[in-house]
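Residue numbers (this note's numbering), protein chains in the order written: chain P, 1 to 285; chain Z, 1 to 356; chain Y, 1 to 276.
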């Protein structure tokens, strides 16, 4: 290598440095994905031949459409609720009130635990014999209980929000804190009361932060696997449906599973691309 | 209608152990442009923020046009404010920025359009009404800030170091524009700056602050010619200080001894013989005379130690008998090389006594 | 900071804020508390706020019957391998991205994040097939490799930011002061990049330790990890044992969170999506 001109040598070194990363990316992501796609097009159990029947049957069946609808519903509901929760929280957390360090660390907790355990705990708390219902029974007896959230869509959405709202909260908070305080002061001096400042100045300016955080929440909610597996009951979003195809059937329905997986991946990418377009459009403004 | 447009009555503000404002008393009449001048940390920004309402004084009251506004939130005080870093709304155009206060007040559309256009025309930004702040230069942004502050015709305009983020030449131009606008619109204005040149050029009165207190208030001339303390004398303009002792007291003047030389000072201060004071004179007020010039009151022999050529001025260090070094500044017309023997005159009317 | 003066209004807002924060904290903490309580409780079947008797039986069960120590050993081996591999990949790629000229760098960097953006289940199937063929299923190395897919992007992101932030002028100053490249590396470069390396290791540790989906597709009876074992326990129906296992499992993560919560900036945890 010493005999190569130095620019060539530079380029070669860079390539070598990037090699492990590329190996991981292509070997552990792209190639498996391709395998998944190929498998999705093969008849079950065969090694040759092409067919689209699994795509067709899934997309046209009532079951398939229901599953897709459920996945989107959960993801969108989670994202909306996360935004509704995150904005007020961010506005509160940016002031240095007593104990703000502690309260800022609290939303970090769902990020560092596996969804499985979060789901477990939430099932225990909000189950028909859990503390939440005990609370209703003892403290607010006028609410007819018990309120059962286990294995319902409401419960599932609640669990999703619990796990994934921190993404939205953290980006919103950091955008909020990055705002020039002079701008809010200027708005006040111009005569705007706190609500008007919020509506006309603060919210428009933190919108990019809210949006980028909500993308993360959406993505996680869309692809969530362990929680619906454990707490979804009869409600199976796409990810669980994939797994069931392999788990419940002997021999496993690999091709069907792969086709659902590909559909899921495509939808995720499509949504992301659309969302990024919207975000970029906003930026140009 | 009150006699004073803005009043601070004994306002005090503490940040933990730090006393940012120490019982400030300030009265600003209608139509005056008063500057709060001082080094960083002197409390001038805190005092302004008490007027705007962004800070609440721990003690004392704030009055605007005779009304006690100490408990009134900022958005109800009807003030105009221009910020150091402009604080324009980045997500709104120039037009929308200036329209914002009117939109908040729910004025009818036609009137809003008229007023915004007028305001923009006043600051000569009407052509750029559709631009966004990030597309504007610093000077342009500051003019938009001015327009936004003036469009709802507040009676008071506050300016918090508005020119600090602009380059030197622009600063001078904008200084003039601001003064013109404020005079033209008969506004009362409070200006905060650490730049004494700006303060002297713009203000009707200057309040020099140090460590939370107002050291001296007066017209630029009073502050410059008759500083009441070493701090003010040193902060404004160039100064020569030297310790002196009062030797004789007359009706309107005083004789002091400095290193064996007798200097007459025109002053009405009450001093006693034997009192230790500080004599001070501005380097630009010292006269340089030829060696052969006739002797006279406050005329002393001197020798030029060194000089620095500054273009418009020449800065001399001269030494008088008794090792008394004085700094003298003249216009560039007189060039006296180092080592020359000359005479200097310290005119009595330009000498000052500071007794502290 | 802006204050409103009408004291009543200010206090009202403060009370509301604290109420919201306290409710949030309760909702966040209660699942953990209930799991902890459940793991020590005997005969707790609802209708009561607390279990009637306390016991260590479930922990004993976890250790003896569910063979938790072995599971933990598996977990540690897998995580160690995954962190090591990811960190190495991260350092190499990060150095390239952070300090070298690469055409289309931004596009490449967004591509690197794809494995985290696409639901893992989608390519987990492919990984499973490949590993079957290569006999990598049910091996520690295999599971660790699968984890690297998820961990490496994080590591690359953190390390490229770290290396980008390395000020060349500092290195120049060191050599002017007389330090040869090796000494410069140890005394100047290493201390500078150590926080980045630690940060990357912590994130990859957390990711790999908690990873469930990919592990599910590549594990076997010899290589049970904590998340998988806990999941299986749910299937077995013993909520108390599951709780005990969960408590043991979450402890390290919460400990790490407690230790780093002061240093960490919120954006870092959500993995560099600020530019989105």
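Here a beta-carbon is modelled for each residue, glycine too, at the ideal position from N, C-alpha and C.
Contact check, residue i vs residue j, beta carbons under 9 Å
| i | j | result |
| --- | --- | --- |
| residue 214 (chain Y) | residue 118 (chain Y) | no |
| residue 97 (chain Y) | residue 164 (chain Y) | yes |
| residue 8 (chain Z) | residue 27 (chain Z) | yes |
| residue 274 (chain P) | residue 72 (chain P) | no |
| residue 46 (chain Z) | residue 274 (chain Z) | no |
| residue 70 (chain Z) | residue 62 (chain Z) | yes |
| residue 150 (chain Y) | residue 115 (chain Y) | yes |
| residue 282 (chain Z) | residue 235 (chain Z) | no |
| residue 229 (chain Y) | residue 68 (chain Y) | yes |
| residue 110 (chain P) | residue 28 (chain Y) | yes |
| residue 295 (chain Z) | residue 342 (chain Z) | no |
Residue-chain proximity (residue i, chain P), Cβ-Cβ < 9 Å
| i | result |
| --- | --- |
| residue 259 (chain Y) | no |
| residue 102 (chain Y) | yes |
| residue 143 (chain Z) | no |
| residue 109 (chain Z) | no |
| residue 138 (chain Z) | no |
| residue 198 (chain Y) | no |
| residue 53 (chain Z) | yes |
| residue 47 (chain Z) | no |
| residue 148 (chain Z) | yes |
Coarse secondary structure for residue i, derived from DSSP in three states
| i | result |
| --- | --- |
| residue 86 (chain Z) | coil |
| residue 172 (chain P) | helix |
| residue 179 (chain P) | coil |
| residue 187 (chain Y) | helix |
| residue 18 (chain Y) | helix |
| residue 91 (chain Z) | coil |
| residue 347 (chain Z) | coil |
| residue 210 (chain Y) | helix |
| residue 219 (chain Y) | coil |
| residue 85 (chain Y) | helix |
CA nearest to the CA of residue i, picked from the options
| i | options | result |
| --- | --- | --- |
| residue 214 (chain Z) | Z:231, Z:225 and Z:123 | Z:231 |
| residue 52 (chain P) | P:249, P:41, P:15 and P:197 | P:41 |
| residue 207 (chain Y) | Y:30, Y:173, Y:63 and Y:155 | Y:155 |
| residue 280 (chain Z) | Z:145, Z:225 and Z:112 | Z:225 |
| residue 58 (chain Z) | Z:296, Z:65, Z:23 and Z:33 | Z:23 |
| residue 181 (chain P) | P:88, P:134 and P:198 | P:198 |
| residue 260 (chain Y) | Y:203, Y:145 and Y:209 | Y:203 |
| residue 221 (chain Z) | Z:197, Z:113, Z:313 and Z:158 | Z:197 |
| residue 237 (chain Y) | P:120, P:166 and P:271 | P:120 |
| residue 235 (chain P) | P:157, P:258 and P:168 | P:157 |
| residue 86 (chain Y) | Y:198, Y:223 and Y:29 | Y:198 |
| residue 93 (chain P) | Y:76, Y:20 and Y:194 | Y:20 |
| residue 186 (chain Y) | Y:94, Y:171 and Y:34 | Y:171 |
| residue 179 (chain Z) | Z:163, Z:194 and Z:167 | Z:163 |
| residue 272 (chain Z) | Z:171, Z:250, Z:137 and Z:341 | Z:250 |
| residue 132 (chain Y) | P:9, P:276 and P:32 | P:32 |
Sequence-distant residues of the same chain with beta carbon closer than 6 Å to residue i, five excluded per side
| i | result |
| --- | --- |
| residue 220 (chain P) | 164 |
| residue 30 (chain P) | none |
| residue 260 (chain Z) | 322 |
| residue 66 (chain Z) | 2 |
| residue 162 (chain Y) | 193 and 196 |
| residue 227 (chain Z) | 233 |
Residues of its chain near residue i, where Cβ-Cβ distance is below 7 Å and the 5 sequence neighbours each way are ignored
| i | result |
| --- | --- |
| residue 37 (chain Y) | 50 and 51 |
| residue 79 (chain Y) | 205, 208 and 209 |
| residue 174 (chain P) | 209 |
Min CB distance residue i to chain Y below 9 Å
| i | result |
| --- | --- |
| residue 53 (chain P) | no |
| residue 243 (chain P) | yes |
| residue 239 (chain P) | yes |
Chain Z contact for residue i (CB, 9 Å cutoff)
| i | result |
| --- | --- |
| residue 177 (chain P) | no |
| residue 189 (chain P) | yes |
| residue 180 (chain P) | yes |
| residue 114 (chain P) | no |
Chain-order list of residues whose beta-carbon lies under 8 Å from that of residue i (same chain, five-residue window excluded)
| i | result |
| --- | --- |
| residue 276 (chain Y) | Its pLDDT being 31, under 50, residue 276 (chain Y) is placed unreliably by the model, and the measurement read from it follows with that caveat. Same-chain partners within the cutoff: there are none. |
| residue 153 (chain P) | 70, 73, 74 and 235 |
| residue 102 (chain P) | none |
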